[in-house]
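S.K.: My structure is below; once you've seen it, I'll send some questions.
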Amino acid sequence: MNIKIYNSLTNQIEDFHPVKPQEISIYVCGPTVYNDIHIGNARPVVFFDTVARFFKYLGYNVRMVSNFTDIDDKIIMRAKELGISETEVAKHYIDEFLRINNLLGAEPLLARPRVTEYMEAIINYIKVMLDKGVAYQSGTDVYFRISSVPDYGLLSNQKMEDLEVGSRIEVDSAKEDPRDFVLWKQTDEGIMWDSPFGKGRPGWHTECVVMIDSIFQGEIDIHGGGNDLKFPHHENEIAQALAVSNHTIAKYWVHNARIDLSGEKMSKSLGNVVWAKDVLQKYSGNVVRLMILNNHYRQTILFKEELLDRSVVEFDKIERSFLSLYRTLELNDAFEDAGVHPLMNEFLDYLADDFSTPNAITVLFQLIKEINIAIRSQESYYKLNQFFAAFQGMLYILGLHVDVIPLSDTDKSLVRAWQGAREMKDFQQADLLRAEIAKRGIKLS
Numbered sequence: 028m029n030i031k032i033y034n035s036l037t038n039q040i041e042d043f044h045p046v047k048p049q050e051i052s053i054y055v056c057g058p059t060v061y062n063d064i065h066i067g068n069a070r071p072v073v074f075f076d077t078v079a080r081f082f083k084y085l086g087y088n089v090r091m092v093s094n095f096t097d098i099d100d101k102i103i104m105r106a107k108e109l110g111i112s113e114t115e116v117a118k119h120y121i122d123e124f125l126r127i128n129n130l131l132g133a134e135p136l137l138a139r140p141r142v143t144e145y146m147e148a149i150i151n152y153i154k155v156m157l158d159k160g161v162a163y164q165s166g167t168d169v170y171f172r173i174s175s176v177p178d179y180g181l182l183s184n185q186k187m188e189d190l191e192v193g194s195r196i197e198v199d200s201a202k203e204d205p206r207d208f209v210l211w212k213q214t215d216e217g218i219m220w221d222s223p224f225g226k227g228r229p230g231w232h233t234e235c236v237v238m239i240d241s242i243f244q245g246e247i248d249i250h251g252g253g254n255d256l257k258f259p260h261h262e263n264e265i266a267q268a269l270a271v272s273n274h275t276i277a278k279y280w281v282h283n284a285r286i287d288l289s290g291e292k293m294s295k296s297l298g299n300v301v302w303a304k305d306v307l308q309k310y311s312g313n314v315v316r317l318m319i320l321n322n323h324y325r326q327t328i329l330f331k332e333e334l335l336d337r338s339v340v341e342f343d344k345i346e347r348s349f350l351s352l353y354r355t356l357e358l359n360d361a362f363e364d365a366g367v368h369p370l371m372n373e374f375l376d377y378l379a380d381d382f383s384t385p386n387a388i389t390v391l392f393q394l395i396k397e398i399n400i401a402i403r404s405q406e407s408y409y410k411l412n413q414f415f416a417a418f419q420g421m422l423y424i425l426g427l428h429v430d431v432i433p434l435s436d437t438d439k440s441l442v443r444a445w446q447g448a449r450e451m452k453d454f455q456q457a458d459l460l461r462a463e464i465a466k467r468g469i470k471l472s
């Protein structure tokens, strides 16, 4: 299958060719765990989980990693506010993040590394940069010399001379160049580590590049994250990798757009957020996934509750159709291997075109329409099994889950009796039977 991906590094759609045949390596920047995640933070969770599922369905061995930044100035401030340790703050929000992931139906990853687990590797990586002359020590802090990387600005499409100081670039008189960024900083508060450069903590930009290097030990296929991480975070990751290993970390850089609220970027620091946990108290993970995937990943979502309400209706339609097809095959003991309906190929083709989930979802609803017609017209069980295989495949890739309880012989008798009552238009008896079936925890279409 010819897969095309928009590569942020080149700003164009490219044919996808993995570094290793039949293996896909993905790294996604994870959260700094000082607070709950908002619904915008849930977007990369859902999107990159869908990307991984797509590749798995195609038969690839997917090795996906996402990190936790479990030490940071924000975590230290939060610990002071709550009167607990930084470790306790990090653990609480890591546990909460994983709970939200489970509610969103995200599959387990190869690894979820924490910065504090990689301190020795981070210190060694900084030593290598010092030895190569691409980093320098100024007082007790260590900085990266961006003038050592001619291609700096490649990802964010900025020229070295155009980079503005004082906006997203920290002003610091200890630097040789105001655009240089910190690799190690001295500190006398919070958790700190001994190093050849003095007691302190690493800079954020070094953490991810070291974890990727330690786990994958070479160039990976996809580095993912939100658009807001392009500069300076991802740009600075690339600069270090170019200086140390002479590669850009990943062949393909994939960035998802934001979810905005009231026309503005969601920001915890501004208080302009809708918390994911609040949304998931009211709506299921299936509904939230549909809301996110109904938009192309490079398109900004303007958050409104109406989007979720629309997804409630859509998922209800999906669930009813799936249950109807499943029960039809189950009640007739008609499950068999019949291959996959051709619409599955159309679904996959859209996903192979830069992960076009909105178009793929349109194909899912076309499948549902054809399934409903096929059941009413009593198509062959062979054909229904083709529909079922395609339906299962589409739901798996989109990460949508329909709960189905297999029927016992008694359950089957009750459902057949209910179907018979409906056909005879004995609606009073049908309602009684439906109530009895519902008591047994069985959903009917």
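In our numbering, the protein residues as written are 28 to 472. The beta carbon of each residue, even a glycine, is placed where N, CA and C say it ideally should be. Since we're looking at a predicted model, the values are computed, not measured.
1. From which residue to which residue does the beta strand (DSSP E) around W280 run?
2. For the putative contact between V92 and I242, defined by C-beta atoms under 8 Å, what is the C-beta separation to the nearest angstrom?
3. With R228 as the anchor, note down where its beta strand (DSSP E) starts and where it stops.
4. In this structure, how does DSSP classify S194 when only helix, strand and coil are distinguished?
5. Exposed or buried, what is M451 when buried is set at 16 or more other beta-carbons lying within 10 Å of its beta-carbon?
6. Check the DSSP bridge columns for Y324 and list the partner residues they point to.
7. Do A277 and S175 have their CB atoms nearer than 7 Å?
8. Would you call the CB atoms of L210 and I150 closer than 7 Å?
9. Roughly how many angstroms lie between the CA atoms of Q419 and K107, to the nearest whole one?
10. Please report the straight-line C-alpha distance between L317 and F342, rounded to a whole angstrom.
11. Could you tell me the distance, in whole angstroms, from the CA atom of A303 to the CA atom of G160?
12. Check the DSSP bridge columns for E41 and list the partner residues they point to.
13. Sorted by chain position, which residues of the same chain lie with C-beta nearer than 7 Å to K83's C-beta, five sequence neighbours on each side aside?
14. At 4 residues or longer, and completely inside the segment 107-176: list those alpha helix (DSSP H) runs for me, N to C.
15. Is it true that the CB of I400 sits closer than 7 Å to the CB of S348?
16. Could you tell me whether the segment 320-337 touches the segment 447-463, where touching means 3 or more Cβ pairs closer than 8 Å?
17. When you compare the CB of N386 with every CB in chain B, is at least one pair closer than 7 Å?
18. Measure the alpha-carbon distance for C235 versus R285 and round it to whole angstroms.
19. Just tell me which of M104, Y170, L427 has its CA closest to the CA of S311.
20. Please state the DSSP three-state secondary structure of Y54.
21. Per the contact definition of three or more C-beta pairs closer than 8 Å, is the segment 259-268 in contact with the segment 289-302?
22. Evaluate the contact criterion for the segment 346-362 versus the segment 405-418: three or more CB pairs, one atom per stretch, below 8 Å.
23. If you reduce the DSSP assignment to three classes, tell me which class F81 lands in.
24. Across which residues does DSSP place I286 in a beta bridge pair?
25. Can you tell me whether DSSP reads T59 as helix, strand or coil?
26. Taking DSSP as the reference, what is the three-state secondary structure of M219?
27. Just curious, the alpha helix (DSSP H) that V300 is in, first and last residue?
28. Please go through the same chain and pick out, in chain order, the residues whose beta-carbon is closer than 7 Å to the beta-carbon of A462, but skip the five residues on each side of it.
29. What would DSSP say about K295, mapped onto helix, strand or coil?
M.R.: Reading from the atomic positions:
1. For the purposes of this step, residue 280 is taken as the residue at position 253 of the sequence shown. W280 -> beta strand (DSSP E) spans 277-283.
2. For the purposes of this step, residue 92 is identified with residue 65 of the sequence shown, where counting begins at 1. For the purposes of this step, residue 242 is identified with residue 215 of the sequence shown, where counting begins at 1. Between I242 and V92 the Cβ distance is about 6 Å, and since that is below 8 Å, they are a contact.
3. Position 201 of the sequence shown holds residue 228. R228 -> beta strand (DSSP E) spans 227-229.
4. Here residue 194 is taken as the residue at index 167 of the sequence shown, counted from 1. In this prediction, S194 has a pLDDT of 44, which is less than 50 and means its spatial position is unreliable; nothing more can be read from the coordinates.
5. Numbered from 1 along the sequence shown, position 424 holds the residue referred to as residue 451. With fewer than 16 other Cβ atoms within 10 Å, it is exposed.
6. Taking the first residue of the sequence shown as 1, we reach residue 324 at position 297. DSSP lists no partner for Y324.
7. The sequence position of residue 277 within the sequence shown is 250, counting from 1. The sequence position of residue 175 within the sequence shown is 148, counting from 1. Between A277 and S175, the C-beta gap is not smaller than 7 Å, which leaves the two residues out of contact.
8. Residue mapping note: residue 210 aligns to position 183 of the sequence shown, counting from 1. Residue mapping note: residue 150 aligns to position 123 of the sequence shown, counting from 1. No; because the gap between Cβ atoms is not below 7 Å, this pair is not in contact.
9. Locating residue 419 in the sequence shown gives position 392, counting from the first residue. Locating residue 107 in the sequence shown gives position 80, counting from the first residue. Looking at the two C-alpha atoms, the distance is approximately 49 Å.
10. Start at 1 with the first residue of the sequence shown, and residue 317 comes out as number 290. Start at 1 with the first residue of the sequence shown, and residue 342 comes out as number 315. Straight across, the Cα-Cα distance linking L317 with F342 is about 8 Å.
11. Position 276 of the sequence shown holds residue 303. Position 133 of the sequence shown holds residue 160. Rounded to the nearest angstrom, the two C-alpha atoms are 44 Å apart.
12. Position 14 of the sequence shown, counting from 1, holds the residue named residue 41. Beta-bridge pairing links E41 to I32.
13. Stepping through the sequence shown from its first residue, residue 83 is reached at position 56. Correct list, in chain order: V89.
14. 113-130, 146-159
15. On the sequence shown, position 321 is the one that residue 348 refers to. On the sequence shown, position 373 is the one that residue 400 refers to. Taking 7 Å as the Cβ cut-off, S348 and I400 do not qualify as a contacting pair.
16. no
17. Any reference to chain B falls outside this structure, which holds one protein chain only.
18. Taking the sequence shown and counting its residues from 1, one reaches residue 235 at position 208. Taking the sequence shown and counting its residues from 1, one reaches residue 285 at position 258. Taking the straight line joining both Cα atoms gives about 21 Å.
19. Sequence index remark: in the sequence shown, residue 311 carries index 284 (1-based). Ranking the options by Cα distance to S311, first place goes to L427.
20. Locating residue 54 in the sequence shown gives position 27, counting from the first residue. Reduced to three states, the DSSP call for Y54 is strand.
21. no
22. yes
23. Here residue 81 is taken as the residue at index 54 of the sequence shown, counted from 1. Correct three-state label for F81: helix.
24. Counting from one through the sequence shown, the residue named residue 286 turns up at place 259. DSSP output for I286 lists I328 as bridge partner(s).
25. Numbered from 1 along the sequence shown, position 32 holds the residue referred to as residue 59. In the structure shown, T59 sits in a strand (DSSP, three-state: E or B).
26. In the sequence shown, residue 219 corresponds to position 192, counting from 1. Coil, per DSSP.
27. Position 273 of the sequence shown, counting from 1, holds the residue named residue 300. Per DSSP, V300 belongs to no alpha helix (DSSP H) and is neither H nor E.
28. Locating residue 462 in the sequence shown gives position 435, where the first residue counts as 1. Once the five neighbours on either side are set aside, A462 has no close Cβ partner at all.
29. The residue labelled residue 295 in the question sits at position 268 within the sequence shown. Reduced to three states, the DSSP call for K295 is coil.
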